[in-house]
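First the structure, in the form of structure tokens, and then the observations on it.
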Amino acid sequence: MTAVDLPAPRRSSLDVVLRARELGIVLALVLLVAVTTISNPRFVSGQSIRDILLGTAILAVLAVGQAVVVITRNIDLSVGSVLGLSAFTVGTLLQNNNLPVLPVLLAGAGVGVVCGAVNGVLVRYGNVPALVVTLGTLYVFRGITYFWAGGSQINADELPAAFLDFGTATLVGVPYLVLLAVLVLVVTGVVLRNYRMGRELYAMGSSPQAARLAGIAVGRRTVGAFVVSGALAGLAGVLFAARFGTIDAAAGTGYELNVVAAVVVGGVAVFGGSGTVWGAALGALLLTTIGSALAVLEINQFWQQAIVGGLILLAIGADRLVAVRVAAGLKKRGSHVS
Amino acid sequence: MSAELTVTRTARLANWNVAIIAITVLVLIVAAATVDSFGTSRNFGFLVLDLLPIALVALPMTLVIVTGEIDLSVASSLGLSSAVMGYLWNANQPIETIIPLCLLLGAVLGAVNGFFVTFLGLPSLAVTIGTLALYRGLAFVVLGDSAVADFPALYTDWVTGTIGGTPIPNVLIVIVVLAVVFGVVLHATPVGRAVFAVGASEQAARFAGLRPGRLKFWLYVASGLVAGLAGVLWTLRYSSARADNGAGLELAVVAAVLLGGVSIFGGRGALPGVIAGVVLLGALQNALRLSDVSNEALNVVTGVLLIVSVLAPNLARSVLQRRRT
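Protein chains in written order, with our numbering: chain A, 3 to 340; chain B, 78 to 402.
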């Protein structure tokens, strides 16, 4: 499933498969929107679409960071806690304190960079598996936020108007938060696809040993992937604060599950080396849309989580099927060549 | 890895097992000496009841992780078992049929995980994150956000009660019996040897005539069954069946197992260490809670312990290696 420097003919056939993988999500999305709209036309109204896009923006930023880590055959379970810590930091900075938006964004991302660096260094230099490290820091970062916040809560009326405007304002009808998410997506997507740095991440995920033999600085890239994931989780914390205005120590609790779900549904294999951030973002869009569609269709909200679970199983099952087919196809082609 | 490492690896494992048990005993002594009412028999009862779900679920989880897999769906299986228990009790079913049904349900949920992991060959991390959401979602579908109470006093009293005039809680029997069963299976039977063999190298195990798929499937069934039992006991303890019972427990269970010296890569681990890990986690949380440290802040302790439990042996090894060369 990996398209790292394969000969041209193979790449084209693999590309078709990969594109089909993302096509599947798009189809599911179109179907979902069509069915929901038929039963209730208000579903495609401006307000409803805006809500979906805003919800997707936060999840997609997290999912892009997670995809970068998962592609290297690691995982970052701490993103929800990093989001919470960043949101509370930003809230505290802004509490009755008028700061421009840009330094606030940088501060949030900065908190994330520190958290991500802690994860990365423990994985790389401590030789501790990413699952263990980020499970641990999931607790630690959340605990720090609780220590700091206690039971206190930051309310929208304590935040400067300029910051809250940033959460609601639009540019030609598109909310700033969504534009920011698209920017993150495009930059990460291009770097992963076209730059050496990005291709090295795929190589590491396909085979860490081979990557090391090929001269890739696996350790540095691993730390880098975690720093990116942390920074984006921190950025998502700022988006969270801007969108909701109310921040307590529990902000973003349990998000890690949704993020991993979005990434897996988006076709990023948990064993690394394949998938794109586009897919991850589409996964985030699909999950968010399902949530809104259930409300519009007046289906019991309680089904949402069960559906997400079913989707994850469906997605990894489909990926498995595709992988088996591709492997069989390559084998057949290989026998022709030799 | 190479054979020459085996000796030091065993030694290191033994060391960690001794270390974690020593740390646990130390924490218990310090807590009893410094925290008021930690050492009372009343608090002992609460401590055991708090430990109960983690201790039970950690037993099969140990075997699953030793084979190199993971089961993150356990807390959701627990919740679904609890929700179904409440639903059936609401439907006026006798408790004597409900409890076996909930255990069976747990086994089926585990079998579903086992099917995806072994028959379809999907990565267990992704599968059980999927079923984590699926089972919890189904629990909410079954019971919504309502709670069912009024379970028969005979059963709830037994779960919260103690053995005849002694301060020993009844549920400790359940923990001890299951711990002995899983301990014997893992450390003294061919099945246990197969668990370690599969975890060390699945391919080698297959060449040696073992059936890794079948073994893993039954371990998932066991994991689901025990989670179902934990759901029943959880419901009876609080006399409250809720869909969100046990939410997030999977992280504490995995933390306790890894704290107990089990390698997340499989092939290494021992049950006494895991039990010490569970007790350490529970005792620390209990002692800190008695000292008025907030519940959420305790998470820092859990997280740091988890990372240190894997980091410390790694650092110790690299220091030793450096000295040797």
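Beta carbons are placed, not taken as given, at the ideal position from N, Cα and C, and that holds for glycine.
Tell me whether residue 176 (chain A) sits in a helix, a strand or coil according to DSSP, three-state version. strand
Taking the straight line between their C-alpha atoms, what separation do you get for residue 258 (chain B) and residue 140 (chain B)? 12 Å
On the criterion of 16 or more Cβ atoms from any shown chain inside 10 Å, does residue 138 (chain B) qualify as buried, or is it exposed? buried
Among all the DSSP beta bridges, which residues are the ones paired with residue 225 (chain B)? B:318.
Residue 110 (chain A) and residue 189 (chain A) look like a contact to me (Cβ under 8 Å); what is the Cβ gap, rounded to whole Å? Incorrect: roughly 17 Å between the Cβ atoms, too far for contact.
Where residue 139 (chain A) meets chain B, residues with beta-carbon distance less than 7 Å: 380
Contacts around residue 163 (chain B), its chain only, beta-carbon distance under 6 Å, and the 5 residues preceding and following it disregarded: Excluding sequence neighbours, residue 163 (chain B) sits near 220, 225 and 318.
Element boundaries [alpha helix (DSSP H), containing residue 231 (chain A)]: That run of the alpha helix (DSSP H) goes 220 to 246.
Give the secondary structure of residue 68 (chain A) by DSSP, where H, G and I count as helix, E and B as strand, and everything else as coil. helix
Determine, using beta carbons only, whether residue 312 (chain B) and residue 228 (chain B) come nearer to each other than 9 Å. In this structure, residue 228 (chain B) lies closer than 9 Å to residue 312 (chain B) by Cβ.
For the region 205 to 218 of chain B, which residues have a CB atom closer than 8 Å to at least one CB atom of chain A, in sequence order? 206, 207, 208, 209, 210, 211, 212, 213, 214, 215, 217 and 218
Check whether the Cβ of residue 308 (chain B) lies closer than 9 Å to any Cβ atom in chain A. No, its Cβ sits nowhere closer than 9 Å to a Cβ of chain A.
Going by other Cβ atoms of all chains shown within 10 Å of its Cβ, with 16 needed for buried, is residue 126 (chain A) buried or exposed? The residue in question, residue 126 (chain A), is buried, as its Cβ has 16 or more Cβ neighbours within 10 Å.
Does any C-beta atom of chain A lie closer than 9 Å to the C-beta of residue 171 (chain B)? no
Following the continuous alpha helix (DSSP H) through residue 85 (chain A), name the residue where it begins and the one where it ends. Note, residue 85 (chain A): alpha helix (DSSP H), 81 to 96.
9 Å Cβ cutoff met for residue 93 (chain B) and residue 260 (chain B): no
Quick check on this structure: which residue in A:277, A:69, A:254 and A:131 has the alpha carbon closest to the alpha carbon of residue 324 (chain A)? A:277
Against chain B, with Cβ distances strictly below 9 Å, would residue 98 (chain A) count as a contact? Chain B contact via Cβ: absent.
Return the chain-ordered list of same chain residues with a C-beta closer than 8 Å to the C-beta of residue 298 (chain B), the five sequence neighbours on each side being excluded. 184, 187, 188 and 191
If you draw a straight line from the C-alpha of residue 215 (chain A) to the C-alpha of residue 254 (chain A), how long is it? 40 Å
Out of curiosity, what's the CA-to-CA distance linking residue 206 (chain A) and residue 198 (chain A)? Roughly 12 Å separates the two Cα atoms.
Could you tell me whether the region 43 to 53 of chain A touches the region 242 to 256 of chain A, using the rule of 3 or more Cβ pairs below 8 Å? The region 43 to 53 of chain A makes no contact with the region 242 to 256 of chain A; the number of CB pairs closer than 8 Å stays below 3.
Which residue or residues does DSSP assign as beta-bridge partners of residue 106 (chain B)? None, per the DSSP bridge assignment.
Secondary structure at residue 301 (chain A), three-state DSSP: helix, strand or coil? coil
Among all the DSSP beta bridges, which residues are the ones paired with residue 250 (chain A)? A:155
Touching by the beta-carbon criterion (3+ pairs, under 8 Å), the region 301 to 313 of chain A and the region 96 to 114 of chain A: no
Show which residues of chain A have a CB atom less than 7 Å away from the CB atom of residue 228 (chain B). Residues of chain A passing the Cβ test: none, with the nearest at roughly 23 Å.
Using beta-carbon positions only, say whether residue 143 (chain A) and residue 84 (chain A) come within less than 9 Å of one another. yes
Spatial neighbours of residue 210 (chain B) in its chain, beta-carbon cut-off 8 Å, leaving aside the 5 residues before and after: 153.
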